[in-house]
Structure formats: C-alpha cells, structure tokens
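The numbering of the sequence shown is full-length UniProt numbering, which starts it at 1 and goes up by one. Heads up, the thing below is written out as structure tokens.
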Amino acid sequence: MENTPWNKVLRRTLSLHSAISTTPSFAERAERAKLVDGTRLRVIGRGNCGTVFEVPGTHTRRARTKGPSRTMRISPTRPARPSSRPRPGSKPSSPMFPSPGSPKVYGWVPCAEMDTWWEKNHARFPEQDNERGFLFQVQRILPLPEDSRTALVRNYFPTQAQTSALEDPENKACLVRPYLGKRRSKRELDNPQDTLRNYPLYMDQLEDMGADIFQFAKEMAIGLAIVHWQAGLDGMDMEFAIGSATMDTDLPAVVPRFKRVKPFCVPAGDFKRRQTHLWMLDFDRAQKLDFERWKVARKHMVTAVTENDPYFPDPSATSSMDRDTWKKFEEAHVTASEHILKLRNLP
Numbered sequence: 001m002e003n004t005p006w007n008k009v010l011r012r013t014l015s016l017h018s019a020i021s022t023t024p025s026f027a028e029r030a031e032r033a034k035l036v037d038g039t040r041l042r043v044i045g046r047g048n049c050g051t052v053f054e055v056p057g058t059h060t061r062r063a064r065t066k067g068p069s070r071t072m073r074i075s076p077t078r079p080a081r082p083s084s085r086p087r088p089g090s091k092p093s094s095p096m097f098p099s100p101g102s103p104k105v106y107g108w109v110p111c112a113e114m115d116t117w118w119e120k121n122h123a124r125f126p127e128q129d130n131e132r133g134f135l136f137q138v139q140r141i142l143p144l145p146e147d148s149r150t151a152l153v154r155n156y157f158p159t160q161a162q163t164s165a166l167e168d169p170e171n172k173a174c175l176v177r178p179y180l181g182k183r184r185s186k187r188e189l190d191n192p193q194d195t196l197r198n199y200p201l202y203m204d205q206l207e208d209m210g211a212d213i214f215q216f217a218k219e220m221a222i223g224l225a226i227v228h229w230q231a232g233l234d235g236m237d238m239e240f241a242i243g244s245a246t247m248d249t250d251l252p253a254v255v256p257r258f259k260r261v262k263p264f265c266v267p268a269g270d271f272k273r274r275q276t277h278l279w280m281l282d283f284d285r286a287q288k289l290d291f292e293r294w295k296v297a298r299k300h301m302v303t304a305v306t307e308n309d310p311y312f313p314d315p316s317a318t319s320s321m322d323r324d325t326w327k328k329f330e331e332a333h334v335t336a337s338e339h340i341l342k343l344r345n346l347p
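Printed below as a string of structure tokens:
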C-alpha cells in the first residue's frame, strides 16, 4: 500500500457505506431543481441500448431506448406482479449478507400515451438528443464526490491532461468500475483512461490505495448469487460500479399502482448527505435461466461470468492477494447461494 495523500482520499471516499460530503455546486444545483417544474434534462450516459438523462433534483434518471424496451422484463429489481414478488427475507440484506444496490425501475411511458407525453416534454431534452423513443424511469446512481474525482485525476491522469480533466463538466458524472480480476498491463499503463465516466480501477490500483478489496469481493459474490438464484438470470454483461446515494430516503422496492405512476414523480432527498455504495446494473443482455435444463443453465451462468469485464476475482491468478480475494468471493457466493435456495425451498 502506498500511503500518499491522494490514496488516502480514495481509500476514504471509496470505502463502501461510508458517509461522504458533496460539493456545494452539486448539492445546490439539485436542491434548486427540486423547486422547478419542467427542469431540463441532461445527458449523463450513453450505451448500445439508449441514452440516459439526469432528472435534476430527484433520485431518478430517465432512459430512452433505441428500440422496444426489453429491459423491463429482465431487470432483477423491477416492480413485480403481486404473484411474483419476493417473500420478505428472501433476499440477503443483513450485515451478514451485504449486497450491492441495483437501480429500481419506477415507471415508464405507455405506448398509448407516448405522443402526448413527448408533445408535453419535448422541450426538456437537449436539441441533439430529443429524438422520440421508448422511455422508462429508474433510480439514479449518484456520482462520487469532488474529492474522489480530484484524487483519481491527480493519481492516474497524465500531468498535461489533469487541468482539463478537472474542468470538464462531463467528468462530474463519475462512477468507478472495480476490476478485481485484472491488474494493469503495459497496455493500460501506456493508454490511461481520459474520462471519469465509468472509470476502471484495477486490482493493483485498489491494492496500492489500501481499499477494502475483500468487501468488494463479498458484495459482488452476494450480488451474483441474487442474480442467479433470486432473479433467475444468467447475468450476461452485467456491470458493477462504485457510486453514491442519498442517506435520508428509503425508496420502495415495489411501487404501488405501478402502471399508473407518472414519470419523474419519485420524491427527492437531501443531496448533501450521501453514502458510498457498490451497485450492480445493466441487465439488458441477461437471459432467464431454465433450471429444469440444468446443464444449459449452468453453461449460461459460466459464460456470463467468464466473458464479462473482469469485475470478479480471477481464480487462476498467482499473487497471494488475488488468491485470498478469490477465496473470499467463493465463500461469500456459496454461503449466499445456499441461503437463498433454502429460503426458496429449492435443492
């Protein structure tokens, strides 16, 4: 561990479940937005399936898909029909099972209301991103605070690029991807990341800053167990990100009268009091598992883990830290899996 000032900042602000302070600009902008009806939306992410917009002053974000929204049927935390809702206690969520968060889905614009909704809200979108499309509303993963952004830039960006990176407003939407299954090679060292959006932190970086790597491994393992045995998904292309959430608002897992909820109506909280969390997200490529065809289901689960980005520890790694991290991951995954299967009365 290198005990440099910037590593100390990262160790503190990336510590899971630790309280963090926000910059006045972010908190004040969010607080002002609460009071303004029809606040303009801002792009905070793009992907293969669509564009993600911030709904200022709320806990939510709005996603516009490029095609029919298949995400609705496979998100493991979407509001469920009463007959398919998990029983209380069926998801590990105690100190014994510290699981990562997953953005909850709160509503969407039905096809029958699409034209009316867009006519009313078209002006809220940036001119270059106002093409009509399917919409749904999900809980937003709030970014990491300014201290984290500054430390990441000072630690890992080339000297000549640091000032522009710190001044770039796009970098305020900073989330970190923890890669426990890979250390930086010459390729990563020679080509450092130039944006703080979805910034990758590799095993050697996490080790150098003294991060609680075992905690990341345990939460990832429990999250994967929930995806497999609770949601019944293979987890293909799922992602993990370190971000934050406000501390004062407990958003419901199931929204009453879900189909009648108006978009962007989830109440806001206090953005000045936030906490660091590990999140799992992006299940658009995940497939439902058929446990009656166990060999096929097992193959899907293995493929989804081995062909994903290197979030999970590498069982073939040779360093003592890598081996110990894998052991913690394996133990947590087996324990959580057995717990879920027992609660669901499955063998």
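Backbone N, C-alpha and C fix where the C-beta goes; we use that ideal spot for every residue, glycine too. Quantities reported herein were computed from a predicted structural model and do not represent experimental measurements.
Where do the N-terminal and C-terminal ends of the beta strand (DSSP E) with residue i fall, by residue?
i	result
I141	Element bounds for I141: n/a, residue is neither H nor E.
P200	199 to 202
S244	239 to 246
V55	Where V55 is concerned, there is no enclosing beta strand (DSSP E), given that its DSSP letter is neither H nor E.
V105	105 to 108
W279	273 to 281
R285	No beta strand (DSSP E) holds R285; DSSP gives it neither H nor E.
P315	Premise fails: P315 is in no beta strand (DSSP E) and is neither H nor E.
R42	42 to 46
P178	176 to 179
For the alpha helix (DSSP H) that contains residue i, what are its first and last residues?
i	result
E146	146 to 156
V334	320 to 343
E188	186 to 190
P5	5 to 13
I213	213 to 225
L166	159 to 167
R298	294 to 306
N121	114 to 121
Just to confirm, are residue i and residue j a CB contact at a threshold of 7 Å?
i	j	result
R285	M236	yes
P56	K182	no
A217	R177	no
T51	D129	yes
G232	K288	yes
P100	G223	yes
L142	A245	yes
P313	L201	no
V9	A161	no
C111	R149	no
D204	R184	yes
V109	L135	yes
R124	L41	yes
R132	W118	yes
Contact check, residue i vs residue j under 8 Å by CB: the rounded distance?
i	j	result
L16	H277	7 Å
N7	D324	That belief does not hold up - the Cβ atoms of N7 and D324 are roughly 20 Å apart, past 8 Å.
P98	W279	With 8 Å as the limit, P98 and W279 do not qualify as a contact, their Cβ atoms being about 13 Å apart.
P169	V43	Contact doesn't hold; Cβ gap of about 11 Å is too wide.
E54	R140	7 Å
M247	Q275	5 Å
T13	D147	5 Å
Answer with yes or no whether the minimum CB distance from residue i to chain B is below 7 Å.
i	result
V9	Among the protein chains of the structure shown there is no chain B, as only one such chain exists.
Let me check understanding here. Comparing Cα to Cα, which of the options lies closest to residue i?
i	options	result
P192	W326, P315, R154	R154
R344	E331, V105, Q230	Q230
F283	S320, A112, D234	D234
A225	E167, N171, A336, N121	A336
K172	P145, D194, D190	P145
R11	T163, G107, L206, W117	L206
N198	R124, L281, T159	L281
residue 348	N121, R132, V138	In the structure as shown, the chain begins at 1 and stops at 347. Residue 348 is therefore absent and cannot be evaluated.
E188	H122, F157, W326	F157
V334	H228, W294, N3	H228
E167	E307, K295, D194	D194
L341	F291, K328, T303	F291
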